[in-house]
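So the sequence shown is numbered by my numbering: it starts at -8 and just counts up by one. Structure record follows, encoded as structure tokens.
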Amino acid sequence: MIENTLKGAATEAGGRIKEATGAIAGDGSLKAEGVYDQVAGSAQRALGDTADAVREGGRKITRQVEDRPFPALLVAGAIGFVLGYLAAR
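The following block contains the structure:
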């Protein structure tokens, strides 16, 4: 989600500033907090990027099924057959 991506980037940038300020001031606690914020921001940004990729993948699958419903039905049937076969074992 773009919101998570932007918030994550902002948190990461704020963490860099905190880390640099802590290093200059000799404040280990502030420096550690900055590193923590960088990691948290990076994780939040990655979450946003992943959510965007999943959403886009869903849109592509929807378009593919709408454009070619018969092959999609065959694939769904094949998946159901394989899952049924594996469940019966």
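Glycine is no exception: its CB is placed at the ideal position from the N, C-alpha and C atoms. Here the structure is a predicted model, which is why all the values come from computation and not from measurement.
Reduced DSSP category for residue i - H, G, I as helix; E, B as strand; rest coil
i	result
Arg59	coil
Gly17	coil
Arg80	coil
Backbone CA spacing between residue i and residue j [nearest angstrom]
i	j	result
Glu(-6)	Gln55	28 Å
Glu24	Ala42	27 Å
Leu64	Ala44	24 Å
Ala79	Arg59	31 Å
Tyr76	Glu47	31 Å
Whole-Å CB distance - residue i paired with residue j, under 8 Å assumed
i	j	result
Gln35	Arg7	Not quite, the Cβ-Cβ distance comes to about 15 Å (not below 8 Å), so this is no contact.
Asp40	Thr2	The Cβ separation is near 14 Å, so there is no contact.
Leu21	Gly13	3 Å
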